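Trainee:
Protein chains in written order, with our numbering: chain A, 4 to 385; chain B, 4 to 385.
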C-alpha cells in the first residue's frame with residue numbers, strides 16, 4: 004500500500020534564541036496543516052521524533068506537547084532513535100495507517116539544542132553511541148566518526164582535500180535554500196584549516212548545533228489521491244546494527260545502510276539507478292562519502308573521484324543533499340529525518356527553486372542514528 | 004484483528020545496584036524468549052519503552068541496545084510517553100503486526116533509576132509534566148498530584164485514612180509477588196505518619212524509585228493460535244490530554260482515561276463489568292482512587308467507601324493491582340506498562356500463585372503518562 008505525503012512544513016534552521024521547543028513544534032505543525040489545507044481536527048494521530056529534549060530542555064513527553072499545541076486528544080507519541088528519530092517516526096506513522104488505526108498522521112521532528120553549553124551538547128550527543136563501553140573511555144561522537152574517516156582514507160586512499168569537498172558542496176547548496184542554517188560558501192582550504200575537532204575531522208567537517216522543527220502529514224492512499232499534489236512513499240526500510248562501534252566487522256562501511264536500502268528498494272520495486280535526487284546523512288563529511296557507496300549510488304572506493312568531478316552537486320549526475328545536508332542546512336537531531344522528507348517533497352513537487360533538480364521523479368532519504376546503529380531509508384515518487 | 008501475547012519476562016524490581024540498564028534489558032528479553040520458547044531469530048521488530056535513560060544513564064538510542072543484546076538486525080526503536088512509555092510501546096507493536104510489517108514483536112519497558120541522586124530523579128521526572136510553565140514555577144511531579152488529591156478529597160469528602168488504604172492494600176499484594184520491590188505490609192497509621200512529600204501526600208502515598216525491566220512478545224493471530232497458552236489483546240485505546248495540569252477543566256477526573264477506556268472497550272466489544280482483574284496506574288495513592296472511577300469500575304465519589312469494604316483486594320469483588328501496583332511492586336517508569344501486561348498474562352494463565360484472582364478470564368491495564376496527559380488502556384482475554 005502506498006502512503007501519501009499531503010503537507011509539509013519546516014521552521015528556519017539555525018540558532019533560534021527566541022524560540023523554545025514548544026514554539027518550534029507549533030510553527031512546523033501549523034505550516035504543515037496550512038500546506039495540506041487541513042484543520043487540526045483532521046489529524047488521527049501524532050508521532051514526534053526527538054532525541055535530546057529531556058536532557059537539553061528538562062522536557063520529556065513531547066507527544067502530549069504536540070497534541071496540546073493543536074488542542075486535540077488523539078494518540079500522540081514520541082519516538083527516539085538518536086539522529087534517525089525523524090525517519091523512525093515516519094515509519095510508525097506508516098504502520099498506524101497501514102494497520103487501519105489512522106487515516107491521517109502528523110509526523111514531527113524537533114530539536115532545541117542551543118539552550119545548553121557545547122560541552123553539555125557533546126556529552127548528550129554521545130548518548131547516540133555506546134555510553135557505557137565507549138563514552139566512558141573518553142570517546143566523543145565526533146571521535147567515533149574520526150576513526151571511521153581514518154580507516155576509510157587509509158583503505159581507499161581518499162585525500163584530505165577530497166573529503167573536504169563534501170562540506171564545500173553542501174555549503175554551496177545551502178545558499179540556495181531559504182531555511183538553511185548557513186548561507187555562506189566555503190573553500191577546501193577553509194575546511195582543512197578550521198579547528199581540529201577529532202583528527203582528521205575539523206570544525207567544517209562537522210554538522211552544527213542547530214535548532215529547528217519539521218513536520219509532514221501522511222495519509223492513506225484513499226485520502227491522499229484526492230489531494231492536489233501528493234508525493235508518495237513507495238518504500239520504507241529500517242535495519243539496526245550494534246550500538247557500539249567496536250563490535251562492528253568494518254569501519255569503512257555501514258552494514259545497516261546496505262540492508263535498509265535493500266529493504267526499501269524491494270518494497271518500491273525499483274533499482275537504485277532510478278533515483279533522481281537523494282538526501283543522505285552527512286553528520287560528518289565522511290558519513291556522506293560512506294553513505295553514497297553503501298547505498299550503491301556509486302562503486303565502492305570511488306567517492307573521492309566522483310566528488311572531484313562535481314557529480315554530487317544538485318545539477319550533477321548524482322544529486323546529493325540539495326538542501327545543504329546536515330552540514331549546512333543544519334542538524335537539529337530529531338528534525339533531520341523529517342527535513343530530508345520535506346526536501347524530497349519540495350523537489351518532487353518542483354518547488355525547490357534555485358536548487359531544483361530538473362525533472363526529478365524519484366527521491367530517496369537516508370537517515371542514520373549513531374554510527375550506523377539505526378538506518379532508515381525511504382523511497383518517494385511523484 | 005486479535006494480537007496474541009506468547010511470552011513474558013520480568014526482572015526483579017528494586018534497587019538493583021549490580022545491574023546497569025543493559026543488564027536489565029538483557030534479562031527481561033531473554034526471560035520472555037524462554038517463556039515463549041522462541042529464538043531471537045524469530046523476532047521481526049523490537050519496541051522499547053523508556054523515559055529517562057538519556058538523563059539518568061547518559062544513554063539514548065536504546066533501540067540499538069536492545070537489538071545488539073539479541074545480536075539481530077531487525078528494526079528496533081524506543082518510544083517515550085513519560086510513565087505510559089511501556090503501553091505506548093505495546094501499541095506500536097500492535098500497529099506493526101496489523102500493518103503486515105511484522106509477525107512477532109518483542110516489546111520491552113526498562114528504567115534504571117538508582118544511579119542518580121533523588122534530587123536529580125525528581126527533576127528528571129518533572130519532565131513528564133509541563134516543565135516550562137509548571138516546573139519552572141517550583142512544582143514537582145508529586146506536587147501536581149498533591150493538588151489533585153486536595154481537590155478530590157474536598158469534592159468527595161475522601162478522608163486521609165481512606166486515601167491511605169490504597170498503599171496498605173498494594174503493599175499486602177506485593178508480599179504475594181516474588182518480583183515486587185517491597186515485601187513488607189504497612190498500616191494506615193504508618194502511611195499517614197510517614198514524611199510529608201507534598202501535602203497531603205506522604206512518602207507511603209508515593210511510588211518508589213525502582214530499577215527494573217519487563218518484556219512481552221506479541222504475535223499475529225495466525226502465529227499465536229499455534230502457541231500453547233496465548234493471552235489475547237482484544238482492545239487497545241489511547242487518548243492524550245494537555246501536558247500541563249493548569250489547562251485542564253477538572254482536577255478530580257482524568258478525561259484521557261475515560262476516552263481511552265471507551266476506545267479500548269469498543270474495540271473489545273465488551274462492557275467494563277466483564278473485567279475480572281485490573282492493573283491501574285497508582286503512581287500516587289490518589290491516582291488509583293481516580294483511576295477506578297474514571298474507568299467506570301465504580302460510581303464516581305465512592306472509592307473511599309469501596310476501599311473500606313476491602314473490595315479492591317485481589318480476592319475482593321473488584322481486584323485492583325494484584326501485583327502490588329506501582330506503589331509496592333515498584334515503578335521503573337518505562338517498565339511499568341509492560342509489567343502491568345505481564346501481571347495480567349500471569350493472572351489469565353492462572354500462574355499468579357498466592358495472589359491469583361480466581362477464574363479470571365478478562366483483564367485490563369491502565370497506564371498514565373504525566374498527570375493524565377497520555378493514557379493507554381488495554382483489554383486482554385484468555
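Quick reminder that beta carbons are idealized off the backbone N, C-alpha and C, glycines included. Treat the numbers as computed from the prediction; the structure is a model and nothing was measured.
Strictly under 8 angstroms for the Cβ-Cβ distance: is residue 359 of chain A near chain B by that measure?
Mentor: Chain B, which has no Cβ nearer than 8 angstroms to the Cβ of residue 359 of chain A, makes this no.
Trainee: Determine the closest residue to residue 23 of chain B out of B/253, B/117 and B/106, with distance taken between C-alpha atoms.
Mentor: Of B/253, B/117 and B/106, the residue nearest in Cα terms is B/117.
Trainee: Looking only at its own chain, which residues have a Cβ that is under 6 angstroms from the Cβ of residue 330 of chain A, when we skip the five neighbours before and after it?
Mentor: For residue 330 of chain A, where only same-chain residues beyond five positions count, the Cβ hits under 6 angstroms are 170, 173, 210 and 285.
Trainee: Can you name the start and end residues of the alpha helix (DSSP H) that residue 174 of chain A belongs to?
Mentor: Taken as a continuous stretch (DSSP letters only), the alpha helix (DSSP H) holding residue 174 of chain A covers 163-177.
Trainee: According to DSSP, is residue 222 of chain A helix, strand or coil?
Mentor: Strand, per DSSP.
Trainee: Less than 8 angstroms between the C-beta atoms of residue 62 of chain B and residue 134 of chain A, yes or no?
Mentor: Yes.
Trainee: Would you decide whether residue 288 of chain B is buried or exposed? Buried here means 16 or more other CB atoms lie within 10 Å of its CB.
Mentor: The residue is buried, with at least 16 neighbouring Cβ atoms inside 10 Å.
Trainee: Which same chain residues end up closer than 7 angstroms to residue 206 of chain A when comparing Cβ atoms and leaving out the 5 residues on each side of it in sequence?
Mentor: The answer, listed in chain order, is 197, 198 and 200.
Trainee: So, is residue 381 of chain A buried or exposed, given that buried needs 16 or more other C-beta atoms within 10 angstroms?
Mentor: The residue in question, residue 381 of chain A, is buried, as its Cβ has 16 or more Cβ neighbours within 10 Å.
Trainee: Per DSSP, residue 134 of chain A is paired with what?
Mentor: Partner(s): none; residue 134 of chain A has no beta bridge.
Trainee: Residues of chain A with CB under 7 angstroms from residue 25 of chain B, in chain order?
Mentor: Near residue 25 of chain B (Cβ distances below 7 angstroms), the residues of chain A are 135.
Trainee: Excluding the five sequence neighbours on either side, which residues of its own chain have a C-beta within less than 6 angstroms of the C-beta of residue 223 of chain A, listed in chain order?
Mentor: Around residue 223 of chain A: 100 and 106.
Trainee: What number of angstroms, rounded off, separates the C-alpha of residue 326 of chain A from the C-alpha of residue 69 of chain A?
Mentor: For residue 326 of chain A and residue 69 of chain A, the distance between alpha carbons rounds to 26 angstroms.
Trainee: Can you tell me whether residue 12 of chain B is helix, strand or coil according to DSSP?
Mentor: Strand, per DSSP.
Trainee: DSSP state of residue 243 of chain B, grouped into three classes?
Mentor: Strand at residue 243 of chain B.
Trainee: Less than 8 angstroms between the beta carbons of residue 323 of chain A and residue 261 of chain A, yes or no?
Mentor: No, Cβ-Cβ distance for residue 323 of chain A and residue 261 of chain A is not below 8 angstroms.
Trainee: So, do the segment 86-94 of chain B and the segment 23-34 of chain B have three or more beta carbon pairs nearer to each other than 8 angstroms?
Mentor: No, they do not touch.
Trainee: Quick check on residue 20 of chain B: buried or exposed, where buried means 16 or more other Cβ atoms within 10 Å of its Cβ?
Mentor: Exposed, since its Cβ has fewer than 16 Cβ neighbours within 10 Å.
Trainee: Among B/375, B/181, B/45 and B/156, whose alpha-carbon lies nearest the alpha-carbon of residue 250 of chain B?
Mentor: It is B/375.
Trainee: With 9 angstroms as the limit, tell me which residues of the segment 202-218 of chain A have their beta carbon closer than that to any beta carbon of chain B; keep them in chain order.
Mentor: Cβ contacts with chain B: none found.
Trainee: Determine the closest residue to residue 346 of chain A out of A/318, A/275, A/310 and A/217, with distance taken between C-alpha atoms.
Mentor: Per the Cα distances, A/217.
Trainee: Kindly say whether residue 77 of chain B, judged by its beta-carbon, lies nearer than 8 angstroms to any beta-carbon of chain A.
Mentor: So yes, residue 77 of chain B belongs to the interface.
Trainee: For residue 48 of chain A, list the residues DSSP reports as bridge partners.
Mentor: According to DSSP, which records beta bridges pairwise, residue 48 of chain A is partnered with A/108.
Trainee: Between which two residues does the beta strand (DSSP E) carrying residue 257 of chain A extend?
Mentor: Counting along the chain, residue 257 of chain A falls outside any beta strand (DSSP E), and DSSP gives it neither H nor E.
Trainee: To which residues of the same chain is residue 186 of chain A closer than 7 angstroms at the C-beta, ignoring the five residues directly before and after it?
Mentor: Contacts found: 177 and 178.
Trainee: Kindly list, in the order they appear in chain B, the residues whose Cβ is closer than 7 angstroms to that of residue 334 of chain A.
Mentor: Here the premise fails: no neighbours, minimum Cβ distance about 15 angstroms.
Trainee: In the DSSP assignment, what residue or residues form a beta bridge with residue 204 of chain A?
Mentor: Beta-bridge pairing links residue 204 of chain A to A/201.
Trainee: How about residue 72 of chain B and residue 28 of chain B: do their beta carbons lie closer than 8 angstroms?
Mentor: Going by C-beta atoms, residue 72 of chain B is nearer than 8 angstroms to residue 28 of chain B.
Trainee: Rounded to whole angstroms, what is the Cα-Cα separation between residue 321 of chain A and residue 53 of chain B?
Mentor: Answer to the nearest angstrom: the Cα atoms are 40 angstroms apart.
Trainee: Would you check if the segment 263-274 of chain A and the segment 120-129 of chain A touch, i.e. whether three or more CB-CB distances between them fall below 8 angstroms?
Mentor: They do not touch, by the three-pair rule.
Trainee: Going straight from the alpha carbon of residue 184 of chain A to that of residue 175 of chain A, what length do you get?
Mentor: Cα to Cα, residue 184 of chain A sits roughly 12 angstroms from residue 175 of chain A.
Trainee: Between residue 303 of chain B and the rest of its own chain, which residues show a CB-CB distance below 6 angstroms, the 5 nearest in sequence each way excluded?
Mentor: Closer than 6 angstroms at the Cβ level, and outside the excluded window around residue 303 of chain B, lie 296.
Trainee: Under the assumption that residue 16 of chain A contacts residue 356 of chain A (Cβ atoms under 8 angstroms), give the Cβ distance between them as a whole number of angstroms.
Mentor: Their Cβ separation, rounded to whole angstroms, is 16 angstroms, which puts residue 16 of chain A and residue 356 of chain A out of contact at 8 angstroms.
Trainee: Anyone know if the C-beta pair for residue 220 of chain A and residue 384 of chain A falls short of 8 angstroms?
Mentor: Cβ atoms of residue 220 of chain A and residue 384 of chain A: not closer than 8 angstroms.
Trainee: So, for residue 47 of chain B: in the same chain, excluding its five sequence neighbours on each side, which residues have a beta-carbon less than 7 angstroms away from its beta-carbon?
Mentor: Same-chain partners within the cutoff: 77, 105, 106, 107 and 108.
Trainee: Taking 8 angstroms as the CB-CB limit, is residue 241 of chain A close to chain B?
Mentor: By this cut-off, residue 241 of chain A is an interface position.
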